[in-house]
Amino acid sequence: VVACTVPAMLVASYLIADAYTTARVNAERDILATTRALMQAVDADLLGAQSGLRVLAVSPYLRSGDLAAFHEAAREVLPGLSGNGIVLVDQTEQLLVSTIVPYGQPLPMTGVPNLVRTVFESARPAISDFYVGATSRQPQVAVGVPVFRDGKVAYALVMGLLSAHVAEILERQKIPEGWIVAILDSGGTIV
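The working numbering puts the sequence shown at residues 133 to 323.
And the structure:
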């Protein structure tokens, strides 16, 4: 009896282990593919926001110092972008323009000082961690680009993207049923 059942148990054990290994490899491959697709979707959205800001950063209104005209131009462009608001920030971290409020109203200091400092110090675009916007008062991430004047960074042009917008990016992806997906900032906060 033992001689008959042991080989059958060994074959069954091998088949079970092989099926488990194959299922695990397939699941890992699917997770990796889905993760890459999600990363590409989020990155594409952030790069699109950066591109829109770069176009605004060379506005003749900024070169001439006509912030009222720039405010109006930014408000006209905003609906075509993925952000909820655009702000112009000087090196002291003071907001100069915000599309969220009418031009000329007093504005607070920036709600994302680390991003502004990074843009001024590196003279390159940057992406913030999760924060609460100074004028929108809503949780968001931000994309910032430098605005150059005479070869130096004169301003940081920043656009906030609400966490609801990031959630929409996730909803557009084909995430398998039962999966839980989250986007984290560099500090580990769930966006």
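By construction, the Cβ of each residue, glycine as well, lies at the ideal position given by its N, Cα and C atoms. Note that the structure is predicted; figures quoted are calculated from it, not measured.
- In chain order, V221, V248, V251 and G276 place their CB closer than 6 Å to the CB of A288, counting only its own chain and leaving out the 5 sequence neighbours on each side.
- S196 is not a Cβ neighbour of G217, given a cutoff of 8 Å.
- For R207, the uninterrupted alpha helix (DSSP H) segment begins and ends at L199 to V209.
- Counting only unbroken stretches of 4 or more residues, the alpha helix (DSSP H) elements lying wholly within the stretch 240-265 are 245-254, in sequence order.
- A255 counts as exposed, since fewer than 16 other beta carbons sit within 10 angstroms of its beta carbon.
- In the structure shown, the three-state DSSP call for S230 is strand.
- When DSSP states are grouped into helix, strand and coil, R281 belongs to the strand group.
- Excluding five sequence positions before and after A181, the CB atoms of its chain that fall closer than 7 Å to its own CB belong to L213, S214, G215, V275, M291 and L293, given in chain order.
- Per DSSP, V219 lies in no alpha helix (DSSP H) segment; the continuous beta strand (DSSP E) that holds it begins and ends at G217 to V221.
- Sorting D162, A206 and S183 by C-alpha distance to the C-alpha of L194 places A206 at the top.
- Rounded to whole angstroms, the gap between the alpha carbons of Q226 and P234 is 16 Å.
- Judged by DSSP secondary structure, G319 falls outside any alpha helix (DSSP H); it is assigned neither H nor E.
- Cα atoms of Q272 and S183: separation of roughly 19 Å, rounded to the nearest angstrom.
- By the criterion of a C-beta distance shorter than 7 Å, I301 is surrounded in its chain by A173, V174 and D177, once the five residues flanking it on both sides are discounted.
- DSSP places Q237 outside both helix and strand once states are collapsed to three, so it counts as coil.
- For V244, the CB contacts under 6 Å within the same chain, skipping 5 residues up- and downstream, are S260, Y263 and A274 in chain order.
- The three-state secondary structure of P308, taken from DSSP, is coil.
- Shortest Cα-Cα distance from V219 to any of I322, T242, A155 and E208 involves T242.
- For Q182, the enclosing alpha helix (DSSP H) covers residues V134 to A189.
- Annotation for L239: L227 and S230 place their beta carbon closer than 6 Å to its own, counting only its chain and skipping 5 residues before and after.
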